[in-house]
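> Chains R and A are the protein sequences, given in the same order. The opening position of the first sequence corresponds to residue 9 in our numbering, with each subsequent residue numbered one higher. The opening position of the second sequence corresponds to residue 9 in our numbering, with each subsequent residue numbered one higher.
Number of protein chains: 2
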Amino acid sequence: MLVAMTTSISVPSLRRLPLYLRLLETWRAEGRTQVSCTHLADDLGFDSTQVRKDLAAAGATGRPKIGYDLQELRDVLRRFLGWDNPGEAFLVGAGPLGQALVAYEGFAARGLAIVAVFDPAPAPGAMVGGKPVLPLTKLKDLAGRMHVRLGILAVPADQALATGQLMAGAGLQGIWNFAPLRLDLGAQVVVEQVDLAQSLAVLSHRLASLSNPSDPPKSPEPP
Amino acid sequence: MLVAMTTSISVPSLRRLPLYLRLLETWRAEGRTQVSCTHLADDLGFDSTQVRKDLAAAGATGRPKIGYDLQELRDVLRRFLGWDNPGEAFLVGAGPLGQALVAYEGFAARGLAIVAVFDPAPAPGAMVGGKPVLPLTKLKDLAGRMHVRLGILAVPADQALATGQLMAGAGLQGIWNFAPLRLDLGAQVVVEQVDLAQSLAVLSHRLASLSNPSDPPKSPEPP
DNA sequence: GCCGTTTCGATATTCTTTTATCGGTATAAA
DNA sequence: TTTATACCGATAAAAGAATATCGAAACGGC
Ligand SMILES: NC(=O)c1ccc[n+]([C@@H]2O[C@H](COP(=O)([O-])OP(=O)(O)OC[C@H]3O[C@@H](n4cnc5c(N)ncnc54)[C@H](O)[C@@H]3O)[C@@H](O)[C@H]2O)c1
Ligand SMILES: NC(=O)c1ccc[n+]([C@@H]2O[C@H](COP(=O)([O-])OP(=O)(O)OC[C@H]3O[C@@H](n4cnc5c(N)ncnc54)[C@H](O)[C@@H]3O)[C@@H](O)[C@H]2O)c1
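(1) If the criterion is Cβ atoms closer than 7 angstroms, does the pair L25(R) and A209(A) meet it?
(2) Considering just the uninterrupted stretch of the alpha helix (DSSP H) at Q173(R), what are its terminal residues?
(3) For a contact meaning CB atoms closer than 7 angstroms, what does G114(R) contact in chain A?
(4) Is it true that the segment 146-160 of chain A meets the segment 179-191 of chain A, where meeting means three or more beta-carbon pairs spaced less than 8 angstroms apart?
(5) From the beta carbon of R82(R), is the nearest beta carbon of chain A less than 7 angstroms away?
(6) Give a yes or no on whether 7 angstroms exceeds the smallest Cβ distance from G90(A) to chain R.
(7) In angstroms, rounded to a whole number, what distance separates the CA positions of L144(R) and D127(R)?
(8) Given a threshold of 16 other Cβ atoms within 10 Å of its Cβ, counted over all protein chains shown, does S18(R) qualify as buried or as exposed?
(9) Could you give the C-beta distance for G119(A) and P94(A), rounded to a whole number, given that I count them as a contact under 8 angstroms?
(10) Let me see if you follow: with CB-CB separation under 7 angstroms, is V136(A) close to chain R or not?
(11) Beta-carbon separation of L193(R) and G172(R) under 7 angstroms?
(12) Mark Q201(R) as exposed unless 16 or more other C-beta atoms lie within 10 angstroms of its C-beta, in which case mark it buried.
(13) Please state whether DSSP places R71(A) in a helix, a strand or coil.
(14) Quick one, are the C-beta atoms of V110(A) and V84(A) less than 7 angstroms apart?
(15) If you reduce the DSSP assignment to three classes, tell me which class A216(R) lands in.
(16) Are three or more beta carbon pairs between the segment 94-109 of chain R and the segment 72-86 of chain R nearer than 8 angstroms?
(17) Listed in chain order, which residues of the segment 161-191 of chain R have Cβ atoms closer than 7 angstroms to some Cβ of chain A?
(18) Looking at the C-beta of E200(A), does it have a partner C-beta in chain R at a distance below 7 angstroms?
(19) Mind checking which residues open and close the alpha helix (DSSP H) that includes K148(R)?
(20) Mark M154(A) as exposed unless 16 or more other C-beta atoms lie within 10 angstroms of its C-beta, in which case mark it buried.
(21) Cβ of T34(A) versus every heavy atom of ligand 2: is any distance shorter than 6 angstroms?
(22) For chain A, check one thing: does any of its Cβ atoms lie closer than 7 angstroms to the Cβ of R36(R)?
(23) Excluding sequence positions up to five away, which residues of its chain have a Cβ less than 8 angstroms from the Cβ of T41(A)?
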């Protein structure tokens with residue numbers, strides 16, 4: 009067992025870990041066995057010290073001159089994120105977004121397996137991504153029997169709160185919420201919000217200030 | 009014309025603006041005409057000072073005791089983000105995710121209109137979300153004639169760089185990239201990354217440290 | 001075996017972001 | 001009018017994160 013961490017990792021650091029992991033997978037496929045913070049930082053445009061801090065926060069340890077063992081670093085990061093063993097998840101909401109999520113094969117590498125799809129009143133025999141669509145009424149029973157902890161919420165915004173409460177009541181401990189709505193389900197349930205509007209806001213504003221350069225976001229003009 | 013800002017808004021602030029805007033739209037539908045930072049902060053779990061700063065950075069101005077005029081605040085925020093007039097965008101990649109994005113009606117309220125869909129070799133007459141799917145070869149010509157500035161990139165990761173370069177070459181100034189890959193298209197093109205893995209990492213780690221509480225993320229125990 | 005180079009790990013500094021505090025203003029009730 | 005209250009705006013302090021600096025360790029070449 010690993011020694012307990014004294015300090016918690018910051019959210020910005022946490023969000024960078026998948027970027028490192030992705031690069032590691034690429035390099036592993038190319039046959040490399042060693043990596044250094046410098047390489048990771050160069051490739052991602054970060055500072056090498058920052059990368060080293062992030063990796064250290066995740067529990068990775070390297071050796072001077074050598075760097076990190078690629079395989080070991082990958083395993084440490086995956087274990088730290090809980091991506092080493094497949095976590096089973098329920099998808100609630102079989103709309104276009106839900107269908108895209110079920111079809112996405114990238115989740116497998118992130119320790120996520122969608123094991124059931126729910127919708128309020130599915131047509132009998134309805135399938136999404138090769139999986140049958142089950143009525144919401146079966147959610148609680150199945151969650152209990154399958155010991156599923158994670159739910160993906162992809163229902164219309166006006167249904168999201170009620171559906172989220174239903175999922176929490178069914179015993180799901182984490183909810184990945186794609187509805188554009190802040191969910192408060194109490195301290196027992198971990199809610200992570202996916203908000204495209206936030207990302208779009210950054211892009212829109214940069215684009216707007218590009219054509220209307222009253223507010224230069226970053227002017228790299230050497231003096 | 010507004011007076012030029014001396015200081016740029018921070019990305020965290022920028023990302024919070026859509027949350028305010030969403031709440032404002034809700035309250036506007038309920039008939040409210042005035043809002044205060046306190047209300048916004050309470051509803052979102054933020055600090056009221058932080059909200060006030062964000063709104064000020066966006067150019068909004070309120071009045072003591074009164075708060076902000078809801079309609080005016082909404083307009084200021086939308087104008088600041090460039091969401092007041094519909095920006096036209098091309099969608100490249102008509103896979104499941106692309107189809108979900110085309111079908112999404114929430115973009116209209118964020119000043120985004122997908123006006124054309126592209127794929128490498130669409131079947132003749134192929135339609136997605138009521139729009140014809142055009143071959144990639146037509147992208148450059150159409151982008152020039154329609155003066156489209158924004159592209160949404162939803163192609164497989166191994167195609168993303170080449171496709172992104174194609175889009176940049178066609179004159180698109182902003183690219184909203186959904187492929188799990190860091191795109192570097194030079195300083196001319198604004199690239200905003202949508203990375204579900206980053207969001208999932210936060211959720212996974214919180215969920216993992218929930219069942220293995222060696223690293224309590226936040227322990228709100230009053231002394 | 002010695003030396004230069006590379007890279008980790010730790011510490012320190014700077015920058016950014018968040019939170020707290022205070023003063024002033026407008027409204028409504030007394 | 002006076003007074004209480006709610007709120008904005010500005011300034012200051014604190015916390016947090018990014019960047020810079022330094023020492024130590026290990027490998028390869030001489
Ligand atoms: N489609 C996108 O690209 C996109 C982008 C960003 C955010 N979102 C958000 O994701 C959510 C889903 O998007 P969508 O386009 O698939 O929406 P949608 O409205 O087209 O489909 C929602 C699905 O949920 C089902 N549903 C309705 N009520 C339900 C309930 N109470 N419990 C379970 N299922 C229920 C519906 O039957 C439907 O199949 C929405 O909140 C949307 O705002 C979507
Ligand atoms: N589906 C999801 O839920 C999801 C989630 C996160 C990220 N993503 C990412 O979004 C992207 C698209 O996802 P998807 O599930 O729709 O992928 P997909 O592979 O199923 O579909 C991609 C589409 O792009 C088209 N395409 C292929 N090469 C192209 C090219 N050179 N130019 C233009 N179009 C091309 C294909 O014909 C196909 O229609 C992928 O990079 C994926 O990793 C998807």
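Even for Gly, the Cβ is constructed at its ideal location relative to N, Cα and C.
Looking at the atomic coordinates:
(1) yes
(2) A165 to G177
(3) P188
(4) yes
(5) no
(6) yes
(7) 6 angstroms
(8) exposed
(9) 6 angstroms
(10) no
(11) yes
(12) buried
(13) strand
(14) no
(15) helix
(16) no
(17) Q181, G182, W184, P188 and R190
(18) yes
(19) L147 to M154
(20) exposed
(21) no
(22) no
(23) D77, L78 and Q79
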